[in-house]
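Some notes on the structure that comes next.
In our numbering, the protein residues as written are 990 to 1143.
As structure tokens, this is what we get:
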């Protein structure tokens, strides 16, 4: 039997894609005695509060009808924020020229964590102009985590 987060992704991804939204992340957790389902959504033109409300209203009846979650829970739909995660090649292509931070599975040139400007993408990955100096070509398979890392002050 599939884990609950996987089942929820299978259930919610198609209707949200039809509305033009992507689920960036789905988190199922307990906060004290309460169960919480959190969705982070995005679309090419960005997300605002109205989008979160629309998605919430679109998925509530699906969750009520399919009833994949036992018991009461709180549903949260959120924007990805300024430090949004990067997971797919399309995400990287969208944010060329932006400052990002990567955590690699294995170290390159003695470092697992790199911060720099997303220079370009390749068929299999990215090229990062690292703040530490070098230009690094990194395959997507080598990246454990990545997110936008804008300088907010200064």
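Idealized CB from N, CA, C, for every residue including glycine.
Buried or exposed (CB count within 10 angstroms, at least 16 for buried), residue 1135: buried
Jot down the residue ranges of each uninterrupted alpha helix (DSSP H) in the stretch 1065-1126, minimum 4 residues, whole runs only, in chain order. 1078-1083
Count the other CB atoms, across all protein chains shown, that sit within 10 Å of the CB of residue 1033; report buried if there are 16 or more and exposed otherwise. Burial check for residue 1033: the Cβ neighbour count within 10 Å stays below 16, so the residue is exposed.
What residue range does the beta strand (DSSP E) around residue 996 cover? From DSSP, residue 996 is part of no beta strand (DSSP E) but of the alpha helix (DSSP H) over 993-1007.
Tell me whether the stretch 1083-1100 and the stretch 1122-1140 touch, counting them as touching only if at least three CB pairs, one residue from each stretch, are closer than 8 Å. yes
Are there 16 or more other CB atoms within 10 angstroms of the CB of residue 1141, so buried, or fewer, so exposed? exposed
6 Å Cβ shell around residue 1016 - same chain, five flanking residues per side excluded: 1027
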